[in-house]
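Visitor: Encoded as structure tokens, here's the structure I'll be asking about.
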Amino acid sequence: MPTIAVLGERAMGEHRVAMTPAALARFAKLGFAVLIEAGAGARAGFADAAYAAGGATIVPREEALASADVVLAVRPPQPADLAGVKQGTKLIGGLAPYADAARLGGYAGLGIDAYALELLPRTTRAQAMDILSSQANLAGYHAAVRAATELDRCLPMMTTAAGSIPAAKAFVMGVGVAGLQAIATARRLGAIVSATDVRPEVREQIQSLGAKPVFEEIREGDEVTKAAGGYAGEMSEGYRQRQAALVSGHIAAQDIVITTALIPGRPAPRLVSDAQLASMKPGSVIVDLAAESGGNVEGSVAGETVERHGVKIVGLVDGASRLAVDASNLFARNCYNFIEAYWNKADKALAMPADDALIAATLLTTGGHIVHQRFAPAAA
Numbered sequence: 001m002p003t004i005a006v007l008g009e010r011a012m013g014e015h016r017v018a019m020t021p022a023a024l025a026r027f028a029k030l031g032f033a034v035l036i037e038a039g040a041g042a043r044a045g046f047a048d049a050a051y052a053a054g055g056a057t058i059v060p061r062e063e064a065l066a067s068a069d070v071v072l073a074v075r076p077p078q079p080a081d082l083a084g085v086k087q088g089t090k091l092i093g094g095l096a097p098y099a100d101a102a103r104l105g106g107y108a109g110l111g112i113d114a115y116a117l118e119l120l121p122r123t124t125r126a127q128a129m130d131i132l133s134s135q136a137n138l139a140g141y142h143a144a145v146r147a148a149t150e151l152d153r154c155l156p157m158m159t160t161a162a163g164s165i166p167a168a169k170a171f172v173m174g175v176g177v178a179g180l181q182a183i184a185t186a187r188r189l190g191a192i193v194s195a196t197d198v199r200p201e202v203r204e205q206i207q208s209l210g211a212k213p214v215f216e217e218i219r220e221g222d223e224v225t226k227a228a229g230g231y232a233g234e235m236s237e238g239y240r241q242r243q244a245a246l247v248s249g250h251i252a253a254q255d256i257v258i259t260t261a262l263i264p265g266r267p268a269p270r271l272v273s274d275a276q277l278a279s280m281k282p283g284s285v286i287v288d289l290a291a292e293s294g295g296n297v298e299g300s301v302a303g304e305t306v307e308r309h310g311v312k313i314v315g316l317v318d319g320a321s322r323l324a325v326d327a328s329n330l331f332a333r334n335c336y337n338f339i340e341a342y343w344n345k346a347d348k349a350l351a352m353p354a355d356d357a358l359i360a361a362t363l364l365t366t367g368g369h370i371v372h373q374r375f376a377p378a379a380a
């Protein structure tokens, strides 16, 4: 019987766990034995007794690693934290491959097969395995709630005997999964919400959530290139300048700004400058979801709340982790869906062919080597 091990997360401030008691039955049904490091789920509110009641065995970390055929992880463990793992063990989870080439070399040195689920392509087949989307959804929700708690006024319009209070204004920059959830949550909290993105074609998504799209009108010659799949291509410099001026004027009138723009493998793009911060009302709040990757906002600090020009800047790095119960449950389902897709029921074993599109996209190391084409040259 193959064995899955789930270790306690050692990253500072991380409360999630890669498997929950609710997910145990799914893995057991496939035919896995599950080992849980003692205390692994404690910070997410999952006691060892709950795992044991679901059929898992609670063991020390060393025993879990020595017995594991598969190890699940929310954040990338350091190679030293995997001491004693068997060669050929599959490490599956969020492995942040762009962050540390030396760590990938360490995985190769251990002889493990490391699969980074954040590298899954955005395809229909991979949707149920997509840890970025599931966790970004929660981070977007938390960003809006955090902004509401930091703001020194209420979000919805209120009518009282003493007079009316106007609704707060919230502006979301970046309309991916996190941005869409931030829009929806801010709307539910009663704010007047607007949003923008580098892709003008997302206007309809913004409007569908009851928010106002903030885009310059596209003129003849603005679209320099067209991209495949129906997406807009690169826009002209003239359009970009007009859009930047429109956004600058819009930011000045906002009570809340939430930024969500990330580029894999590169520093986060700068969306809000110091001059734009200075134009905002004192007491306004910005939540920067890209703080850990350099920040969308000038002056933001990862993991801290700082103030510039009277504006609070929240460098949010743990939005999903602060919702550890739901985040862990979604993460565990993502991992299950990935593993189940390659489960050979007859042999009770994983069959993960290297030429499969999703395996090729996620496999970082195998056979003692870094094999992913994006990372092998840098590690050579």
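Residue numbers (the working numbering): 1 to 380.
Beta carbons are placed, not taken as given, at the ideal position from N, Cα and C, and that holds for glycine.
Keep in mind it's a predicted model, so treat the numbers as computed, not measured.
1) So, are the CB atoms of S300 and D318 less than 8 Å apart?
2) Is the beta carbon of I286 less than 8 Å from the beta carbon of I313?
3) Assess contact between the region 70-79 and the region 5-14, defined as three or more Cβ pairs (one per stretch) separated by less than 8 Å. Is contact present?
4) Pick helix, strand or coil for I313, following the three-state DSSP scheme.
5) With A128 and N344 assumed to form a contact (beta carbons below 8 Å), what rounded beta-carbon distance in angstroms separates them?
6) Whose CA, out of I256, V272 and Y141, lies closest to the CA of N296?
7) Taking buried to mean at least 16 other C-beta atoms within 10 Å of its own C-beta, is Q207 buried or exposed?
8) Which whole-angstrom value describes the C-beta separation of V59 and A38, a residue pair presumed to lie in contact below a C-beta threshold of 8 Å?
9) Tell me the rounded alpha-carbon separation between R308 and S284.
10) Which two residues bound the contiguous alpha helix (DSSP H) that contains K29?
11) Give a yes or no on whether the C-beta atoms belonging to A138 and L323 are separated by under 8 Å.
12) Taking the alpha carbon of R240 as the point to measure from, which residue in A253, E223, A252 and D255 has its own alpha carbon closest?
13) Could you spell out the range, first to last residue, of the beta strand (DSSP E) harbouring E307?
14) So, Q78 versus A327, is the Cβ gap smaller than 8 Å?
15) When burial is assigned at 16 or more other CB atoms within 10 Å of the CB, is E216 buried or exposed?
16) If you follow the alpha helix (DSSP H) that V257 is part of, which residue opens it and which one closes it?
17) Is there a Cβ from chain B that is less than 8 Å from the Cβ of Y342?
18) Only counting the same chain, and skipping five residues up and downstream in sequence, which positions put a Cβ closer than 6 Å to that of L119?
19) For A191 and A170, which I take to be in contact (beta-carbon distance under 8 Å), what is that distance rounded to the nearest angstrom?
20) Taking the runs of the alpha helix (DSSP H) that are 4 residues or longer, which of them lie wholly in the region 258-292?
Guide: Here's the rundown:
1) Between S300 and D318, the C-beta spacing is not below 8 Å.
2) Going by C-beta atoms, I286 is nearer than 8 Å to I313.
3) Counting Cβ pairs under 8 Å, three or more are found: they touch.
4) In the structure shown, the three-state DSSP call for I313 is strand.
5) Here A128 is actually not in contact with N344; their C-beta atoms are around 19 Å apart, not less than 8 Å.
6) Ranked by Cα distance from N296, the first of I256, V272 and Y141 is V272.
7) The residue is exposed, with fewer than 16 neighbouring Cβ atoms inside 10 Å.
8) About 7 Å; that satisfies the 8 Å criterion.
9) The straight-line gap from Cα to Cα measures roughly 10 Å.
10) Here the alpha helix (DSSP H) through K29 covers P21 to L30.
11) A small correction: the amino acid at residue 138 is Leu; Ala does not occupy that position in the sequence shown. Yes, Cβ-Cβ distance for L138 and L323 is below 8 Å.
12) When only C-alpha atoms are compared, the closest one is E223.
13) For E307, the enclosing beta strand (DSSP E) stretches over residues T305 to R308.
14) Contact flag unset, no.
15) With 16 or more Cβ atoms within 10 Å of its Cβ, E216 is classed as buried.
16) In the DSSP annotation of this structure, V257 is not part of any alpha helix (DSSP H); the continuous beta strand (DSSP E) holding it starts and ends at I256 to T259.
17) Given the protein chain composition of this structure (a single chain), no chain B is represented.
18) So the qualifying residues of the chain are A361 and T362.
19) For A191 against A170, the beta-carbon gap comes to about 4 Å, under 8 Å, which counts as contact.
20) Entirely contained in the region 258-292, the alpha helix (DSSP H) runs reaching 4 residues are, in chain order, 274-279.
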